[in-house]
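My numbering puts the first sequence at residues 8 to 491.
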Amino acid sequence: MTLELGTYSKGMSRVKRALCWIRRDLRTSDHAALHYACEHAEEVQVVFIFDSNILASLPKDDRRVTFIHKSLQQVDEVLREHDAALWVRHGDPMVLIPELVEEFAADLVVTARDYEPYARSRDIAVKKALGDRFRTVQDTVIHEPGVVLSQSGTPFRVFTPFSRAWKKLTDVRREAPMLTPDLSKLLKLDPRRVPTWSLTNLGFSETELWLEPGQNGAIARLNEFQPKIREYEEARNFPSKPGTSGMSVHLRFGTVSVREMVRRAYEVGDEGEKWLNELIWREFYQDLLWNNPHVVKGTFQPQFDKLEWPGKPEHFEAWCQGQTGYPIVDAAMRCLNATGWMHNRLRMIVASFLTKDLLIDWKLGESYFAEKLLDFELASNNGGWQWAASTGADAQPYFRIFNPALQSERFDADGEFIREWIPELKDLPAKYIHAPATASSFDLSAAEVSLGENYPRPIVDHGAQKEKAIALLASAAKREHKSA
DNA sequence: TGAAATGTTGGGGCG
DNA sequence: ACGCCCCAACATTTC
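Here it is in C-alpha cells:
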C-alpha cells in the first residue's frame, strides 16, 4: 500500500468532522493540513501526539522536546482565541489515531505528508487502519521527492542540475500558495474540560533554548532576516556574524511554512537566489534519499561500504568533546554541545576533520549530529555527511579535504568565534589562534596557554592524515573499478 | 561549498 | 637608462 501524492487542492466531498493531526507543522497559519480539514469538514479538531516510538530513544533533557512543547503552547493559544483547544496525547500514533477517530467520531483525518522512512511506515500503518478516512496533503516541501526529474525522466544525483530543474518547475503563485485555514471551523470546547499536558508528564525536563520557539519566534526571526537576504551570499560563511537566517529549527518543526520562506526569497528576486538555493538543497537531499533509500544504512556508492575507517575511538571522543587541539573544530563542537546548533560552514569543517583528518567513519559523526542538532533532518544530515566523506555522488576526495587552520583564518580571521567558545585561548593573538602550536613559548605563556595542560596539542597532523585519507578513498574507489 | 603546486605578470629596488 | 632579480598578486593546473 502506498500513500497518494498530489497537489494542494484535491477534490473531496465535505464531511462532518475532521481531525487535523499535526506533526512537524507546528503552526496555525499557511497550514496545508489544517486548511484542507477546514475546507472539507464542518468541525475540525487539532491533535498532536508525542510519539513514544521516537521519544523513547531521546535523553530526558532533549532540547527538541522543549521546542516542540513550547511551539504547541503557541498553537493552543491561537486555537483558544477561537474557543477551541489543542488535544495532546502521548503514545503510539498507530494505536492512538484510530482511537481518537472513534472518540471524536471523525469522518476524516488530515495530516501533512512526511517522506522520512519511519514516518512513511507509520502513515502506511495508519492508512491501513483508516482507509479512505486518512488523507495526507503536501506541506513541507515545494516539490515533493521524486517529482523533479531530468529531461530523460530520471532523478538527479547532482545539486546544480537539480536546482535548475527545480526553479524551472516553480511558479511561485502556484507552488507556494498561502493556505489560510478557516479557523471558525474549529470545534468549540469548554476549556475546563480539555486535559492539560506538560513536559513532566512525559518524563522530560524543560531546557534552555537559544531561540524563540513557535510560530511567533519563526516569524520574528524571518522578519529580522529578510532585509539581509541580499547580503546572505557575502555574510553566510562567517560563524561570528549573524549572516545566516537561523531558520533551520523552525523549518524542521514547521513553525513556519517552507512556502513562506520561498515567497520571501522570490520577493527579493535575483539577489535572493543564493539563499533560495539553500532551501533547494534541503529538497535535493530529500529527493536523493527518496530515490536512493539505501543511503540511510550505507554509502551512496556501495563500494565505500567496504571501507574500513582506521580512526581511533579516543579521537572520536576528543572530537565530540571539542578537545582535538584544532581550535576551529573544538569551538564548533563545544557550540554544538552547548546550544544544539552549529553554523553550516563549521558543520563542513568538523565533518571534513572527522572523516579526513581523524579517518573516522562518517556514520559516527552523522549519528552524533542526529542526537545533538535541534534542526536535525535525516535527509540533510545524511546528505551532508556523505558529501563531506566523499562517499556521495562525486567521489573525488581532493575537493572535500579542508585544511582546518586555513578555513579558520579565512572564516574566523580575528578568532572571534574561537574566543567565544574556547576561553582558554582568548588572549592569543589572531595570528596564532588558528594553530596555537605555531606560537612561541613566549607568546603562549603571555596568553596563559599551556599546551597539553589547559588546551590540547593537535591530536593528529593534518598534512599526514590528508595523504592517508586520499589513499584510503582511492583504494575503495579502485576496488569498485576492478569489479565493474 | 579545496588546497597546494606551478605558472604568469608587473612594479620596484638596485647595480 | 637599462636589465636583472625579487616577490607579491593573481591565474592556472594538478592532485
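Cβ atoms here follow ideal geometry from the backbone N, Cα and C, with glycine treated the same way.
Bridge-paired residues (DSSP) for residue i
i, result
"Glu110", "According to DSSP, Glu110 bridges with nothing at all."
"Leu458", "Tyr462"
Buried versus exposed, by CB contacts within 10 Å (16 or more), residue i
i, result
"Met340", "buried"
"Ala227", "exposed"
"Asp312", "exposed"
"Thr161", "exposed"
"Trp520", "The structure shown does not extend to residue 520, since the chain is modelled only from 8 through 491, so no value can be given for it."
"Asp90", "exposed"
"Ala338", "buried"
"Pro334", "buried"
"Lys420", "A quick correction: the sequence has Ala, not Lys, at residue 420. That one is exposed."
"Ala476", "buried"
"Ala25", "buried"
"His505", "Not covered by the structure: residue 505. The range shown for the chain is 8 to 491."
"Gln145", "buried"
"Ala112", "exposed"
"His76", "buried"
"His441", "buried"
Own chain, CB closer than 6 Å to residue i, minus 5 neighbours either side, in chain order
i, result
"Pro188", "His38, Leu41, His42 and Cys45"
"Ala325", "Thr331 and Ile466"
"Met433", "Here residue 433 is Lys; the residue named in the question, Met, does not match the sequence. So the qualifying residues of the chain are Arg426."
"Arg270", "Ala183"
"Arg21", "His47"
"Gly250", "Ala242 and Arg243"
"Val256", "Leu381 and Asp382"
"Val72", "Phe211"
"Pro66", "none"
"Gly153", "Trp297"
The ligand SAH heavy atom lying under 7 Å from the CB of residue i
i, result
"Ile477", "As for the ligand SAH, it is missing from this structure, which has no ligand bound."
Boundaries of the beta strand (DSSP E) in which residue i is found, first to last residue
i, result
"His257", "Careful: His257 lies outside any beta strand (DSSP E), inside the alpha helix (DSSP H) at Ser255 to Phe260."
"Thr118", "Leu115 to Ala119"
Simplified DSSP state of residue i, which is helix, strand or coil
i, result
"Leu480", "helix"
"Asp434", "coil"
"Asp130", "helix"
"Ile29", "strand"
"Gly98", "strand"
"Arg142", "strand"
"Lys192", "helix"
"Arg24", "strand"
"Asp69", "coil"
"Lys473", "helix"
"Asn230", "helix"
"Tyr43", "helix"
"Phe406", "helix"
"Phe6", "An answer regarding residue 6 cannot be provided, because it is not within the stretch 8 to 491 covered by the chain."
"Tyr122", "coil"
"Lys485", "helix"
"Asp83", "helix"
"Val148", "coil"
"Val179", "helix"
"Glu219", "coil"
"Trp316", "coil"
"Leu156", "coil"
"Ala225", "helix"
"Ser212", "coil"
Unbroken alpha helix (DSSP H) run spanning residue i, endpoints
i, result
"Ala48", "Per DSSP, Ala48 belongs to no alpha helix (DSSP H); it is in the beta strand (DSSP E), Ala48 to Asp58."
"Ile207", "Reading off the sequence, residue 207 comes out as Thr, not Ile. Where Thr207 is concerned, the enclosing alpha helix (DSSP H) stretches over Leu206 to Leu209."
"Val336", "Pro334 to Thr346"
"Val275", "Val265 to Val275"
"Ala325", "Pro320 to Gln328"
"Arg3", "Absent from the structure is residue 3, since the part of the chain shown begins at 8 and ends at 491."
"Pro411", "Pro411 to Phe418"
"Gln393", "Leu385 to Ala396"
"Asn299", "That residue, Asn299, is in no alpha helix (DSSP H); it is neither H nor E in DSSP."
"Leu176", "Phe166 to Leu176"
"Ile425", "Glu423 to Trp428"
"Asp197", "Run containing Asp197: none; DSSP gives neither H nor E here."
"Phe492", "Shown here, the chain extends from 8 to 491; a query on residue 492 therefore has no answer."
"Leu371", "Trp369 to Lys379"
Close-in-space but distant-in-sequence residues of the same chain around residue i (CB under 7 Å, 5 per side omitted)
i, result
"Asn284", "Ser170"
"Glu373", "Asn388, Asn389 and Trp392"
"Val275", "Ile236 and Arg237"
"Trp173", "His150, Val155, Ile287 and Glu290"
"Leu353", "Pro246 and Ala339"
"Thr223", "First, the amino acid is wrong: residue 223 is Asn here, not Thr. Within the same chain, Asn223 has close Cβ partners Gln81."
"Lys248", "Ala242"
"Ser490", "Only weak support is given to the placement of Ser490: the predicted model assigns it a pLDDT of 44, under 50, and the value that follows is read from those uncertain coordinates. Nothing meets the Cβ criterion."
Cβ neighbours of residue i in the same chain (closer than 8 Å, five flanking residues each side left out)
i, result
"Thr9", "Because Thr9 carries a pLDDT of 45, less than 50, the predicted location of this residue cannot be relied on, and the following value inherits that uncertainty. These residues qualify, in order along the chain: Ile131."
"Met495", "One cannot answer for residue 495 here, as it falls past the ends of the chain, which runs 8 to 491."
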